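Q:
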Amino acid sequence: MAFGPFLLLALMEGLVTAAVLALAASGLSLVFGVMRVVNVAHGEFYMLGAVLAWVVTTMIPGPPALAFVAALLIAPLIVATLAALADGLILKRLAYDPEATIVATIGLLYMIQQAALSLYGPNANPVRAPFEWRIQLPWFGYSGYKLFVVLAALAVLLALWLFMTRTKAGLIMRATQVDRTTACAFGINVDRVYMSTFALGAGLAALAGVLVVPIQQAHYLMGGDPLLLSFIVVIIGGLGSLRGTLIAALVIGLSDGVISMFFTPTLAKILATLLVAMVLVFRPQGLFGAKA
Amino acid sequence: MAALIETRGLTLHFGGLKAVDGVDFALQSGEIHALIGPNGAGKTTFVSLLSGRRMAQSGTILLDGEDITRLPAHARVRKGIAYTFQITSIFPRLTVFDNVALAVQSQGARDLLDRTRAALARVGLEGLEAQEAQALSYGHQRLLELAMGLALNPRVLILDEPTQGLAASEIDSFIRLVESLVPETTVLLIEHNMEVVMDLATRITVLNFGQVLASGTPSEIRADPAVQEAYLGA
Amino acid sequence: MTGGGVKPWALHLALIAVLLTAQFWLSPYHATNLARIMVLAVFAMGYNLAFGYTGLLSLGHALLLAAGMYAAGLPAQLWGWGAGPAFIAGVAGGGLMAAALGLLALRTAGVSFMIVTLMFAQAGYLTLLYFAPVTGGDDGFAVAAASRRLLGFDLSTDTPRFLAALLIFAAGLLISLALIRSPFGRTMVAMRENEERSRMLGYNPFTVKLAALTISGLYSGAAGAAYALLFGYVGASFATIQYSILPMLYVLLGGAGTTLGPFLGALVMFTLIEVATGLTSAYLFFVGAALVALVLFAPKGILGTIRERWVRWLP
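Taken in order, these protein sequences are the chains called A, B and C.
Going by our numbering, the first sequence opens with residue 0, and the numbers climb by one from there.
Going by our numbering, the second sequence opens with residue 39, and the numbers climb by one from there.
Going by our numbering, the third sequence opens with residue 13, and the numbers climb by one from there.
Rendered as structure tokens:
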């Protein structure tokens, strides 16, 4: 393949990565922004989404599209419920102390991962895409489903943005983000806001997991990479800033697509990890955040 | 008398708020100098600049003629500027002894035990050494705060609202204590209690809206019409 | 900190004496496990000096453990160094890596510090994988028998291995006791309790924390080097996030900010995992559950609770 089409393919792959990443990272960013909680178990919610998508699609007979739509609705809902439980049973009792919650979510990570291994098994299982058409470009054919993933992610993010800016619930969330005490004083039920936020963040990760599973297969260890990448995106984009998160997801996703075509993945990951650490050390407000 | 601390055009703005706005100020060696002014006049911000808790945007700070404007706070403490906090800031879960010993040992002193006990005795906290600091009464915590400042053996001791929340009897002994510090230690005092100010201070500087409104002896300040209008009269 | 007189010293020496006799009444299998626990406890003691005493919650200590392990293991592997020089290289490797980590990571605090240390450790792990031809990657490599000899003793046999582990453990324990009862120990605790006040007492928080983290790195390096030389294996898996979490788990369980907590935590957790592994393969679930339970119900750990309720002089 000539260089031009090769780069185009890399960019398209990068766009798919960026879309999935934007979904997962916006969940992480939302939770950090509103609750000031760094959720280390976020990648496991993503994994649970994928694994549950497999469970749902294998249980529901009939055309793959129907089963997939069911998975798209059921899996995030289950994960969001689990997250709400974790919030009520654990995080709330820790009074959302930043350091204690990190330790607790590390514990959660181990428990979810081990539960998935014990119940789901060590194998990677594929899920059939809801439809099977390919777009034929002059140089190569491309999976139509991958483009659907990009569009679906865009739609969800648009909905999230409308929810945060145009609805009362979103307004309440943003008010709590700005000032918890004042929100409390205005009669906002902060506990409920936190629980919904944590559930929503986990649901977004699970949704990303469901969308990715026809491309990637479901595996109990698949949460590690998205966690790391989501961290990277959220940090580069500025902790808690949704817009920064989206821009950063695009940058990281596209460059990941391109870099992994030209470098070994390990070297790419080393560079990315070091870059993020350096950003946190020298520019803690993120590359796109306003200077504090 | 030479100025121990001198500031020229010291400025710190927070956005549109001019917290400290071009302050020229001199602290003479051996005096007890009170800093007064209405709430929000910039007193605490000004001493934060002196102690290095905040960095000035412009202007200079001289300690004994040496420019310390950009020196970090801990280095200024080592040069002899001690700051006691307005809101008591002690190590609540450490013993009274450890609290003061931390101040003593930061000076690299070898006779740690003796000097720690001496500082505690000076404020009248001897016998409470083994108590956890958080178990002390409020008044005792204020005294502990002061003992930590004294244990630093400072050239300049900055006291931020030291009598706030103290009972009348505690205030009297506090005044005697501060008087006993000069002239070895120079004292800069932020104080709302006018009786304490008039009793203790040899000089007074009045801040208002981040600027120096007046500076002089207590009687000069009392007679100053601008001060009366802005502050005392209110 | 101070106070309690000679009682703490007596307690620590008594523990060391009991451990010395343990090789006679434990089966070889359990004695080897105890040697492993003592080495891991040295790692946890190092973690405790940073987290328990200085308040630095690091998620990157696996990097320091691995630095010690590879700084000892690679010279042994590549140039045939003996156990003595290799151990010293390991201790130095852990200390240097900690100092380098601190120079960067200590510019941040709190949650950022946790993430930054996590990221650097992850980069270190990936680097070990990238240079797999030299490091052995996840498979690691066995340390040659010739490098596992010290003063004529073969460290791969039971008794010398146990005694070497005990020696390193005892040294680490007594040094940490002396350290936290020294003026510098008081300064470390001051940093944990109230950094701003410490600054206004003339301490530079950055240098104090850097020194504490470096000491923590020396301990971690010693543990990594000891592991390589006593158990004969070096591998990148020791640089994974798991090995950053383990010392935190030990310290939280035994009691953060207590000198004996790291050993107690390592002992209890190791035993629990042994038992759990016998019952189920899902031992990671117990690690996770233990973490959650600890932060929820016993944030002070075993010894922290005992100190608070009953034995005030416990260091």
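Where is the CB? At the ideal position from N, CA and C, for every residue including glycine.
Given the structure is predicted, the values throughout are model-derived calculations rather than measurements.
Would Asn-38 (chain A) be called buried (16 or more neighbouring beta carbons within 10 Å of its own) or exposed?
A: For the purposes of this step, residue 38 (chain A) is taken as residue 39 along the first sequence, with counting starting at 1. With 16 or more other Cβ atoms within 10 Å, it is buried.
Q: Please list the segments of the beta strand (DSSP E) lying wholly inside the region 211 to 269 of chain B, counting only runs of 3 or more residues, in order along the chain.
A: 224 to 228, 241 to 246 and 249 to 254
Q: Using a Cβ-Cβ distance cut-off of 8 Å, determine whether Tyr-95 (chain A) contacts chain C.
A: Locating residue 95 (chain A) in the first sequence gives position 96, counting from the first residue. At a cut-off of 8 Å between C-beta atoms, Tyr-95 (chain A) does not count as an interface residue with respect to chain C.
Q: Would you call Ser-253 (chain B) buried or exposed, if buried means 16 or more other Cβ atoms sit within 10 Å of its Cβ?
A: The count along the second sequence starts at 1 and reaches residue 253 (chain B) at position 215. Ser-253 (chain B) comes out buried.
Q: State yes or no: is the C-beta of Leu-68 (chain C) within less than 8 Å of the C-beta of Phe-125 (chain C)?
A: What you label residue 68 (chain C) is simply residue 56 of the third sequence in a count that begins at 1. What you label residue 125 (chain C) is simply residue 113 of the third sequence in a count that begins at 1. Yes, the pair counts as a contact, with Cβ atoms nearer than the cut-off.
Q: Based on the DSSP secondary-structure assignment, which residues constitute the bridge partners of Asn-77 (chain B)?
A: Position 39 of the second sequence, counted from the start, is the residue given in the question as residue 77 (chain B). BP columns for Asn-77 (chain B) are empty, so no partner.
Q: Am I right that Ala-49 (chain A) and Ala-217 (chain A) are in contact with their C-beta atoms under 8 Å? What's the rounded C-beta distance?
A: Here the question's residue 49 (chain A) lines up with position 50 in the first sequence. Here the question's residue 217 (chain A) lines up with position 218 in the first sequence. Contact holds; Cβ gap of about 4 Å.
Q: Would you mind working out which of C:Ala-104, C:Phe-298 and C:Asn-206 sits nearest Thr-283 (chain C), comparing C-alpha positions?
A: Start at 1 with the first residue of the third sequence, and residue 283 (chain C) comes out as number 271. For the residues C:Ala-104, C:Phe-298 and C:Asn-206, the minimum Cα distance to Thr-283 (chain C) belongs to C:Phe-298.
Q: Does the beta-carbon of Tyr-41 (chain C) have 16 or more other beta-carbons within 10 angstroms, so that it is buried, or is it exposed?
A: For the purposes of this step, residue 41 (chain C) is identified with residue 29 of the third sequence, where counting begins at 1. Under this definition Tyr-41 (chain C) is an exposed residue.
Q: For Leu-101 (chain B) and Ile-119 (chain B), which I take to be in contact (beta-carbon distance under 8 Å), what is that distance rounded to the nearest angstrom?
A: Taking the first residue of the second sequence as position 1, residue 101 (chain B) is located at position 63. Taking the first residue of the second sequence as position 1, residue 119 (chain B) is located at position 81. Going by Cβ atoms, the distance from Leu-101 (chain B) to Ile-119 (chain B) rounds to 7 Å, so yes, they are a contact pair.
Q: CB-CB under 7 Å to Tyr-176 (chain B), same chain, minus the five flanking residues each way: which ones, in chain order?
A: Taking the second sequence and counting its residues from 1, one reaches residue 176 (chain B) at position 138. Gly-203, listed in sequence order.
Q: So Ser-188 (chain C) and Thr-271 (chain C) are supposed to be a Cβ contact under 8 Å. How far apart are they, rounded?
A: In the third sequence, counting from the first residue as 1, residue 188 (chain C) sits at position 176. In the third sequence, counting from the first residue as 1, residue 271 (chain C) sits at position 259. Right, the Cβ-Cβ distance comes to about 6 Å (below 8 Å), so this counts as a contact.
Q: Can you give me the Cβ contacts of Phe-44 (chain A) inside the same chain, cut-off strictly under 7 Å, excluding the 5 residues immediately before and after it?
A: To locate residue 44 (chain A), count along the first sequence from 1; it is residue 45. Closer than 7 Å at Cβ, skipping near neighbours: Val-78, Ala-82, Ala-201, Ala-204 and Ala-205.
Q: Just the C-alpha distance for Val-220 (chain B) and Arg-241 (chain B), rounded to the nearest angstrom, thanks.
A: Here the question's residue 220 (chain B) lines up with position 182 in the second sequence. Here the question's residue 241 (chain B) lines up with position 203 in the second sequence. When rounded, the distance between both Cα atoms is 13 Å.
Q: In angstroms, rounded to a whole number, what distance separates the CA positions of Gly-3 (chain A) and Phe-261 (chain A)?
A: For this step, residue 3 (chain A) is matched to residue 4 along the first sequence. For this step, residue 261 (chain A) is matched to residue 262 along the first sequence. Spanning the two alpha carbons is a distance of roughly 14 Å.
Q: Could you name the residues of chain C that Asp-149 (chain B) contacts, counting a contact when the two beta carbons are closer than 9 Å?
A: For the purposes of this step, residue 149 (chain B) is taken as residue 111 along the second sequence, with counting starting at 1. Simply none; closest approach about 12 Å.
Q: How far does the alpha helix (DSSP H) with Asp-190 (chain A) in it reach, from first residue to last?
A: One-based indexing of the first sequence puts residue 190 (chain A) at position 191. Per DSSP, the unbroken alpha helix (DSSP H) holding Asp-190 (chain A) starts and ends at 189 to 215.
Q: Which class does Gly-223 (chain A) belong to by DSSP, given the choice of helix, strand or coil?
A: Your numbering for residue 223 (chain A) matches position 224 in the first sequence. It is helical.
Q: With a Cβ-Cβ cutoff of 8 Å, do Arg-35 (chain A) and Leu-308 (chain C) count as a contact?
A: Position 36 of the first sequence holds residue 35 (chain A). Position 296 of the third sequence holds residue 308 (chain C). No; because the gap between Cβ atoms is not below 8 Å, this pair is not in contact.
Q: Which full runs of the alpha helix (DSSP H) of 4+ residues lie inside the region 171 to 255 of chain C, going along the chain?
A: 195 to 205, 207 to 211 and 217 to 243
Q: Nearest CA to the CA of Asn-191 (chain B): which residue from B:Ser-127, B:Lys-117, B:Ala-168 and B:Thr-243?
A: On the second sequence, residue 191 (chain B) is found 153 positions in, with the first residue counted as 1. Looking at the Cα atoms, B:Lys-117 is the closest of the given residues.
Q: Under a CB-based cut-off of 8 Å, is Ala-62 (chain C) close to chain A?
A: Locating residue 62 (chain C) in the third sequence gives position 50, where the first residue counts as 1. Closer than 8 Å: no.
Q: According to the Cβ coordinates, are Leu-46 (chain C) and Leu-38 (chain C) closer than 8 Å?
A: In the third sequence, the residue the question calls residue 46 (chain C) occupies position 34. In the third sequence, the residue the question calls residue 38 (chain C) occupies position 26. Yes.
Q: Got a sec, what are the start and stop residues for the alpha helix (DSSP H) Thr-265 (chain A) sits in?
A: The count along the first sequence starts at 1 and reaches residue 265 (chain A) at position 266. Start and end: 264 to 281.
Q: Output the distance between the C-alpha atoms of Leu-274 (chain A) and Ile-251 (chain A), rounded to the nearest integer angstrom.
A: Here residue 274 (chain A) corresponds to residue number 275 of the first sequence, with the count starting at 1. Here residue 251 (chain A) corresponds to residue number 252 of the first sequence, with the count starting at 1. Cα to Cα, Leu-274 (chain A) sits roughly 11 Å from Ile-251 (chain A).
Q: Between the region 79 to 90 of chain B and the region 104 to 111 of chain B, are three or more C-beta pairs nearer than 8 Å?
A: yes
Q: Run the CB neighbour count on Trp-91 (chain C), radius 10 Å, all protein chains shown included, and call it buried at 16 or more, exposed below.
A: Residue mapping note: residue 91 (chain C) aligns to position 79 of the third sequence, counting from 1. By the 10 Å Cβ count, Trp-91 (chain C) comes out exposed.
Q: According to DSSP, simplified to helix, strand and coil, what is Asp-178 (chain A)?
A: What you label residue 178 (chain A) is simply residue 179 of the first sequence in a count that begins at 1. Coil at Asp-178 (chain A), not helix or strand.
Q: Could you check what DSSP says for Thr-244 (chain A) in three-state terms: helix, strand or coil?
A: Within the first sequence, residue 244 (chain A) is the residue found at index 245, counting from 1. Three-state result, Thr-244 (chain A): helix.
Q: Cα separation between Pro-285 (chain B) and His-71 (chain B)?
A: The first residue shown for chain B is 39 and the last is 272, placing residue 285 (chain B) beyond what the model contains.
Q: Pairs of beta-carbons, one from the region 130 to 137 of chain B and one from the region 202 to 211 of chain C, closer than 8 Å: are there three or more?
A: yes
Q: Under 8 Å between the Cβ atoms of Leu-251 (chain B) and Val-235 (chain B)?
A: Along the second sequence, one-based indexing puts residue 251 (chain B) at 213. Along the second sequence, one-based indexing puts residue 235 (chain B) at 197. Their beta carbons are not under 8 Å apart, which means Leu-251 (chain B) does not touch Val-235 (chain B) by this criterion.
Q: Return no unless some Cβ of chain B is closer than 8 Å to the Cβ of Thr-199 (chain C).
A: Taking the first residue of the third sequence as 1, we reach residue 199 (chain C) at position 187. Closer than 8 Å to some Cβ of chain B, the Cβ of Thr-199 (chain C) qualifies, so yes.
Q: Based on Cα-Cα distance, which residue from A:Ser-259, A:Ser-229 and A:Val-257 lies nearest to Ile-246 (chain A)?
A: Working through the first sequence from its first residue, we reach residue 246 (chain A) at position 247. Here the closest residue by C-alpha is A:Ser-229.
Q: Short of 6 Å in beta carbon distance, which residues of its chain neighbour Ala-272 (chain B), apart from the five on each side in sequence? Order them along the chain.
A: Mapped onto the second sequence, residue 272 (chain B) falls at position 234. Since pLDDT at Ala-272 (chain B) reaches only 46, below the 50 mark, its modelled position is unreliable, and no value is offered.
Q: Can you name, in chain order, every residue of its own chain whose Cβ lies under 7 Å from the Cβ of Val-126 (chain A), other than the five neighbours on each side?
A: Residue 126 (chain A) sits at position 127 when you count from the first residue of the first sequence. Hits under 7 Å: Ala-52, Trp-53, Thr-56, Val-212, Pro-213 and Ala-217.
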